[in-house]
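A quick write-up on the structure given underneath.
Structure, rendered in structure tokens:
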């Protein structure tokens, strides 16, 4: 079903929205400041082209580094670049995805396409620091992070650490 949904999505607008993301990535890649943004925009272009079966996760959910001096600095730079993106291409992409979502939600059969459009609209303002992964990989990363947080809480409360066994 994902394959069919992705093909329908691509033909009826996904290609255009993906090209808009790529255009933004290329324009920002021409500047030194915009290089971090190009990576995020390319990730979102992949998602805009074929959104079914994919999810967006923050890069910290994948690398497990947490907050350090380096990640705090890159997070601050990412924030500034995201604000620049939101004031330029983010607004146009947000409106495009929002309009597509509303149009798709008119008919019952196209509601899944509308939901994908709304997901992309929310991501239009904040692409830096995000990675597009499969739904399964996102679930595994989130479960792993939740297990680590649970173990830290358990250790602080004096209990023993629990390791997930499957």
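Numbering (the UniProt record's numbering), first residue to last: 1 to 166.
Ideal placement from N, C-alpha and C gives every residue a C-beta, glycine not left out.
Paired residues, beta bridge with residue i - DSSP
{"i": "residue 56", "result": "132"}
Start-to-end residues for the alpha helix (DSSP H) that takes in residue i
{"i": "residue 113", "result": "111-123"}
{"i": "residue 94", "result": "91-104"}
Same chain only: Cβ atoms within 7 Å of residue i, ignoring 5 sequence neighbours per side
{"i": "residue 38", "result": "25, 28 and 29"}
{"i": "residue 48", "result": "14, 17, 18, 21 and 120"}
{"i": "residue 134", "result": "53 and 54"}
{"i": "residue 62", "result": "131 and 141"}
{"i": "residue 108", "result": "none"}
{"i": "residue 112", "result": "5"}
Cβ-based neighbour list, residue i, same chain, cut-off 6 Å, excluding 5 preceding and 5 following
{"i": "residue 167", "result": "Absent from the structure is residue 167, since the part of the chain shown begins at 1 and ends at 166."}
{"i": "residue 2", "result": "52 and 53"}
{"i": "residue 46", "result": "132"}
{"i": "residue 85", "result": "37"}
Sequence-distant residues of the same chain with beta carbon closer than 8 Å to residue i, five excluded per side
{"i": "residue 118", "result": "97, 98 and 101"}
{"i": "residue 35", "result": "28 and 29"}
{"i": "residue 123", "result": "44, 47, 56 and 130"}
{"i": "residue 88", "result": "24"}
Could you tell me which uninterrupted alpha helix (DSSP H) segments, each at least 4 residues in length, are contained entirely in the UniProt domain "Inner membrane component" (4-54), listed from first to last along the chain? 15-29 and 35-49
Per the contact definition of three or more C-beta pairs closer than 8 Å, is the segment 143-158 in contact with the segment 74-84? no
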